[in-house]
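Step one of this worksheet: look at the structure below.
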Amino acid sequence: MLQIDRIFKDEASEEKGERARMASFVGAMAIADLVKTTLGPKGMDKILQSTGRGQSVTVTNDGATILKSLHIDNPAAKVLVDISKVQDDEVGDGTTSVVVLAGELLREAEKLVAAKIHPMTIISGFRMAAECARDALLHKVVDNKADAEEFKSDLMKIAMTTLSSKILSQDKEHFAQLAVDAVMRLKGSTNLEAIQIIKKPGGSLKDSFLDEGFILDKKIGLGQPKRIEDAKILVANTAMDTDKVKIYGARVRVDSMSKVAEIEGAEKEKMREKVQKIMAHGINCFVNRQLIYNFPEELFADAGILAIEHADFDGIERLALVTGGEIASTFDNPESVKIGRCKLIEEIMIGEDKLIHFSGVEFGHACTIVLRGASHHVLDEAERSLHDALCVLSQTVNDSRVLFGGGWPEMVMAKEVDELAKKTPGKKSHAIEAFSRALLAIPTTIADNAGLDSAELISQLRAEHHKEGCTAGIDVISGSVGDMSQLGISESFKVKQAVLLSATEAAEMILRVDEIITCAPRRREDRM
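In the working numbering, the protein residues as written are 1468 to 1995.
Spelled out as structure tokens, the structure:
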């Protein structure tokens, strides 16, 4: 062996052919099995503990959150993590399903590769199957956009279905109502910025409520008006802390104490001018991103202007958005600055904390959801679940096609794909058949997680689905095959389509791999 294999550096390694494919399949399936148990209404949660300082703990059921937090070495597993992230950004829900489906497709593909079918053949089979499955769903969708009442009840069902696999499942009616109300206010925009979620520990999850208007997590300063009607708000990001000489910033040589006083006086004058410029906008509420010193605060209070300092950045941007103002940083020409308006500003109490409530804002879609709960972990998880529901709903408002849930869509797709496999000649038909088996994995997993006999249930379902116009799916609560239209279990078509297409593409990508090359790590020179 005359150094033929020395193409790469010392540390680099490569895996070829079978071993590479093996490694990618195994990695991807391991990831799929990891999140598999979180699927469905009876899915379990995971605790993620970071090893950094503070050992922060996250308890979550959301596939994307779990996978985002893992540090993974296996390249194929990273592809799955990616698709779940994209699914989260794109439609918000279905993050677990997408990984489970991709993992199952690979599991089936592994058997086919072992049976000496070329990966490209498998891929083209999968492609045909995915197309066929999507068409099958398109034939079965229900669209109630025209009828407002029906559409609203569809949204409620979708919200309840999304929430039923999360921590909020106990109070899902309550939260589904919150989510639907919040999304209905958006009037078809998918900009979730306008829905603000504030988490306040204390109380129980049932005490959460939706508030029209905007809540800023600050206290109102001392000696300032507690309540302003018909407010004109200037949102700014500017320094209001220069009424004293900054000792460490400037070197001033003076020969007497009175000179220092003069300089301080000049600084005070500068500040007073700035405050007057701000008042010239004719406002009665001034919100600043940075701190405001006592002196300008006094001036504002004397003028009867409510000054709020140190509002956090998200708060400021959102406040500017909902009141229809702009964030200003210079105040020389008042006519060009857009000033936000709202009907009433007052202080409210939630639990122990005082907050400032802006109601009757310009931008009618805005609202705030206040979450209450026993601990931070519960609140974080509740926020994630609610966010999932809001994403799905806002997508559904735009694309109002709805399907039944509970494994029904997968059964419909599997049936059609099976039909296709019987018609297709050649080796592709094996791949198409495998695709339909992979689709059945989702209802199987839902049943398994509920501790039901999945084989029995799936075969019953398959028999049901051979009848025309069937709406059967798995009813985990009673542990049998149930009628999805009576139980009101619905899902958004957009989510299902995204799951199907992303999973197929990811599986395809991993299937194409025949070699894994790991680069040599950069050596750190000893700096001793």
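Glycine included, C-beta positions come from ideal geometry on N, C-alpha and C.
Cβ neighbours of residue i in the same chain (closer than 7 Å, five flanking residues each side left out)
i: Leu1467; result: No answer is possible for residue 1467: the residues shown for the chain start at 1468 and end at 1995.
i: Glu1577; result: Phe1492
i: Ile1745; result: Leu1701, Phe1753 and Phe1798
i: Lys1821; result: Lys1686 and Glu1814
Distance, residue j Cα to residue i Cα
i: Phe1618; j: Asp1648; result: 13 Å
i: Ile1775; j: Glu1731; result: 25 Å
i: Pro1910; j: Val1546; result: 24 Å
i: Lys2039; j: Lys1726; result: Any answer about residue 2039 is impossible in this case: the structure gives the chain only from 1468 up to 1995.
i: Ala1849; j: Leu1635; result: 6 Å
i: Ala1439; j: Phe1762; result: Because the chain in this structure spans residues 1468 to 1995, residue 1439 falls outside the shown range and cannot be described.
i: Ala1771; j: Ala1747; result: The question names Ala, but residue 1771 in the sequence shown is Gly. Taking the straight line from one Cα to the other gives about 13 Å.
i: Val1565; j: Asp1477; result: 38 Å
i: Leu1683; j: Met1816; result: 12 Å
i: Leu1887; j: Lys1894; result: 13 Å
i: Lys1934; j: Ala1495; result: 36 Å
i: Ala1965; j: Lys1483; result: 32 Å
i: Met1587; j: Pro1892; result: 16 Å
Inter-residue CB distance, residue i and residue j (contact presumed, cutoff 8 Å)
i: Gly1530; j: Thr1505; result: 6 Å
i: Ala1487; j: Val1980; result: 6 Å
i: Glu1640; j: Met1627; result: 7 Å
i: Pro1612; j: Ser1867; result: Here the sequence assigns Lys to residue 1612, which means Pro is not the residue at that position. Confirmed, about 4 Å.
i: Leu1672; j: Asp1638; result: 6 Å
i: Thr1527; j: Asp1512; result: 6 Å
i: Val1845; j: Phe1676; result: Actually they do not touch by this definition, with Cβ atoms about 16 Å apart.
Opening and closing residue of the alpha helix (DSSP H) in which residue i lies
i: Pro1586; result: Pro1586 to Lys1607
i: Asp1950; result: Element bounds for Asp1950: not the alpha helix (DSSP H) but the beta strand (DSSP E), Ser1947 to Asp1950.
i: Leu1570; result: Checking the sequence shown, residue 1570 turns out to be Gly, not Leu. Note, Gly1570: alpha helix (DSSP H), Thr1562 to Ala1581.
i: Lys1744; result: Met1724 to Met1746
i: Glu1923; result: Ser1921 to His1932
i: Ala1899; result: The question names Ala, yet the displayed sequence has Ile at residue 1899. That run of the alpha helix (DSSP H) goes Lys1895 to Leu1906.
i: Ser1671; result: Looking at the DSSP string, Ser1671 is not in any alpha helix (DSSP H), and its letter there is neither H nor E.
i: Leu1967; result: Phe1960 to Leu1978
i: Thr1532; result: Gly1530 to Lys1535
Neighbourhood of residue i by C-beta, 8 Å cutoff - its chain only, sequence neighbours within 5 removed
i: Asp1500; result: Gly1570
i: Ala1479; result: Ile1984, Thr1985, Cys1986 and Ala1987
i: Glu1975; result: Ile1590, Phe1593 and Arg1594
i: Ile1794; result: Val1702, Ala1703, Asn1704, Arg1756, Ile1783, Glu1784 and Ala1787
i: Ser1796; result: Ala1703, Asn1704 and Thr1705
Proximal residues to residue i (C-beta, below 6 Å), its chain only, five neighbours per side dropped
i: Val1943; result: Pro1508, Lys1509 and Ala1917
i: Cys1809; result: Ala1698, Thr1790, Phe1825, Gly1827 and Val1828
i: Leu1996; result: Outside the shown range of the chain, which is 1468 to 1995, sits residue 1996, and nothing can be said about it.
i: Lys1961; result: Val1558, Gln1862 and Asp1866
i: Glu1696; result: Leu1811
i: Glu1883; result: Cys1599 and Ala1603
i: Phe1642; result: Leu1630 and Leu1635
Delimiting residues of the beta strand (DSSP E) encompassing residue i
i: Leu1822; result: Asp1820 to Val1828
i: Lys1503; result: Lys1503 -> not in any beta strand (DSSP E); alpha helix (DSSP H) instead, spanning Gly1484 to Lys1503.
i: Ala1698; result: Arg1694 to Ala1703
i: Ala1939; result: Ala1939 to Asp1942
Check: residue i C-beta below 8 Å from any heavy atom of the ligand FMN
i: Glu1734; result: Among the components of this structure there are no ligands whatsoever, and the ligand FMN is therefore not found.
Whole beta strand (DSSP E) runs in the region 1844-1874 with 3 or more residues, listed along the chain? With a minimum length of 3 residues, the unbroken runs of beta strand (DSSP E) contained wholly in the region 1844-1874 fall at 1868-1871.
Restricting to runs no shorter than 4 residues, where is the alpha helix (DSSP H) found entirely within the region 1616-1669? Complete alpha helix (DSSP H) runs here, min 4: 1639-1653.
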